[in-house]
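For reference, the structure is listed below as structure tokens.
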Amino acid sequence: MTSLTYGLSPLMCVAAANLGRAVTGEVRWLYAGQRDLDGLTDSDRELIQVVTGELIPPRVVGLGVRVSFFTLHLAMDRKTGVLPGGTDVSVEYLEDVYTRYEQCCPEGNAVSGDVLDVALAFLVGRYLARQDQGDLVA
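My numbering puts the last residue of the sequence shown at 140; the count rises by one with no breaks.
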């Protein structure tokens with residue numbers, strides 16, 4: 003799977019300069035509109051809420067909602083097809099995004115620190131829960 007920072011590097015550079023430190027996933031610095039967030043699935047919205055505490059409404063009105071770089075990255079990967087509709091975010095996907103940011107974006111990493119730890123724990127828990135449900139059905 004290939005993933006890039008999809009043009010978020012300049013935004014992260016400006017944010018890092020304003021913050022005086024590298025950007026992490028929990029920084030809520032950007033506004034996203036309906037078209038930006040259209041591709042997010044219900045599963046994505048649940049992951050975002052658990053990981054960052056953001057409640058992304060189904061319909062965004064006005065100028066948009068304030069989102070973290072983590073949320074924006076997921077939304078952009080949905081729009082560009084890196085995360086095709088109908089698929090859940092996977093552990094492998096998050097690890098790949100983390101690695102690419104570390105290699106290519108010294109201004110910060112949208113999938114780092116507590117965001118990465120909580121996201122991985124949530125995804126592993128969801129996977130195990132689904133496995134347990136499968137065992138009950140069998």
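No residue lacks a Cβ here, since even glycine has one placed at the ideal position from N, Cα and C.
Counting along the chain, L32 sits inside the beta strand (DSSP E) bounded by residues 30-34. Secondary structure note for R68: its beta strand (DSSP E) is the uninterrupted segment 67-70. Distance from the CA of L76 to the CA of D44, rounded to the nearest whole angstrom, comes to 12 Å. In the DSSP assignment, G110 is bridged to V25. Only exposed fits N20, as fewer than 16 other CB atoms lie within 10 angstroms of its CB. Between the C-alpha atoms of G27 and E56 there is a straight-line separation of about 12 Å.
Per DSSP, the unbroken alpha helix (DSSP H) holding V52 starts and ends at 44-54.
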